[in-house]
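Structure first, commentary second.
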Amino acid sequence: MKQSKTPSNNQRIMQAMVVRQIDTPLGPMIAEASKLGLTKLHWSNEVITSSKTRSDHLDCAERWVSAYFSGENAPEPILDFTGLTDFRQHISLTLQKNVRFGQMTTYGDLAKSARKSGASRAVGSTMAKNPWTLLVPCHRVVKSDGGLGNYSAADGIKTKAWLLNHEKRLMK
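Note that the numbering used here numbers the sequence shown so that position 148 is 149, with each residue one more than the last.
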């Protein structure tokens with residue numbers, strides 16, 4: 002997984018941010034990027050005006066989202082981890098690396114994979130604050146009893162179930 006070097010908060014504030022709306026089967030997603038990489042990818046009903054400034058990071062994010070919904074592969078955008086704690090960054094990268102399309106894991110197993118045994122609640126909190134819906138696939142993290150758990154993006158648990166079923170259908 003490519004990642005940018007983390008600048009200070011003051012440096013980040015000085016960087017130009019660009020934004021783009023990406024249409025999906027579940028509604029519009031908003032992608033935001035700095036010069037370092039993608040800072041956010043989330044569903045939103047908010048009407049935005051896409052930046053006129055060209056951005057390789059937004060172009061890559063748009064191609065990746067389109068490929069995700071059509072079941073194809075595309076290079077993942079570079080993520081800008083500025084502002085995330087080391088723990089949140091580590092959990093996000095562990096999930097992204099270890100839990101692939103069509104797979105699921107539990108909050109506890111993700112904590113163990115990240116060598117943070119006993120931190121399943123902190124993993125849940127990290128998933129709830131995930132700035133990169135789909136790219137850091139928090140929808141693939143479920144409860145140890147088999148329940149879906151929570152999902153804070155779009156229509157919540159309905160969206161999580163749709164995404165898991167979408168991946169299951171495409172894996173056949």
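Glycine included, each C-beta is placed from N, C-alpha and C at the ideal position.
The structure displayed is predicted, hence computed values, not measured ones.
Determine the direct distance from the alpha carbon of Ser-51 to that of Asp-57, and round the result to whole angstroms.
The residue labelled residue 57 in the question sits at position 56 within the sequence shown. The residue labelled residue 51 in the question sits at position 50 within the sequence shown. When rounded, the distance between both Cα atoms is 14 Å.
Report the start-end ranges of each beta strand (DSSP E) in the stretch 39-119 that is 3 residues or longer and not cut off at the edges.
Annotation: the stretch 39-119 contains the following complete segments of the beta strand (DSSP E) (minimum length 3 residues), in chain order: 39-44.
Given a cut-off of 8 Å, decide if Tyr-69 and Leu-27 are closer than it, judged by their beta-carbon atoms.
As a first step, residue 27 is located in the sequence shown; it is residue number 26 there, counting from the start. As a first step, residue 69 is located in the sequence shown; it is residue number 68 there, counting from the start. Going by C-beta atoms, Leu-27 is not nearer than 8 Å to Tyr-69.
Within this structure, are the beta carbons of Lys-41 and Trp-163 separated by less than 8 Å?
Indexing the sequence shown from 1 puts residue 41 at position 40. Indexing the sequence shown from 1 puts residue 163 at position 162. By the CB criterion at 8 Å, Lys-41 and Trp-163 fall outside the cutoff.
If you measure between the beta carbons of Lys-161 and Tyr-108, is that distance less than 8 Å?
Taking the sequence shown and counting its residues from 1, one reaches residue 161 at position 160. Taking the sequence shown and counting its residues from 1, one reaches residue 108 at position 107. No, Cβ-Cβ distance for Lys-161 and Tyr-108 is not below 8 Å.
Which of the three DSSP states is assigned to Ala-34 in this structure?
Indexing the sequence shown from 1 puts residue 34 at position 33. In the three-state reduction of the DSSP assignment, Ala-34 falls in the strand class.
Can you round the beta-carbon distance between Val-48 and Ala-32 to whole angstroms, since I take them to be within the 8 Å contact cut?
Locating residue 48 in the sequence shown gives position 47, where the first residue counts as 1. Locating residue 32 in the sequence shown gives position 31, where the first residue counts as 1. Under the criterion of beta carbons closer than 8 Å, Val-48 and Ala-32 do not qualify as touching, at roughly 15 Å.
Below 8 Å on the Cβ atoms is my contact criterion, and I expect Asn-99 with Ala-129 to pass it. Report the Cβ-Cβ distance as a whole number of Å.
The residue given as residue 99 occupies position 98 in the sequence shown. The residue given as residue 129 occupies position 128 in the sequence shown. Taking the Cβ atoms as the reference, Asn-99 lies roughly 19 Å from Ala-129, outside the contact range of under 8 Å.
If you reduce the DSSP assignment to three classes, tell me which class Val-20 lands in.
Working through the sequence shown from its first residue, we reach residue 20 at position 19. Correct three-state label for Val-20: strand.
Could you compute how far the alpha carbon of Ala-155 sits from the alpha carbon of Thr-86?
The residue given as residue 155 occupies position 154 in the sequence shown. The residue given as residue 86 occupies position 85 in the sequence shown. Pairing Ala-155 with Thr-86, the inter-Cα distance amounts to about 24 Å.
Supposed contact pair His-91 and Ala-115 - C-beta distance, whole angstroms, cut 8 Å
Locating residue 115 in the sequence shown gives position 114, where the first residue counts as 1. Locating residue 91 in the sequence shown gives position 90, where the first residue counts as 1. Taking C-beta atoms under 8 Å as the contact rule, Ala-115 and His-91 qualify, at a distance of about 6 Å.
Put Val-142 into one of helix, strand or coil per three-state DSSP.
If you number the sequence shown from 1, residue 142 lands on position 141. In the three-state DSSP reduction, Val-142 falls in the strand class (E or B).
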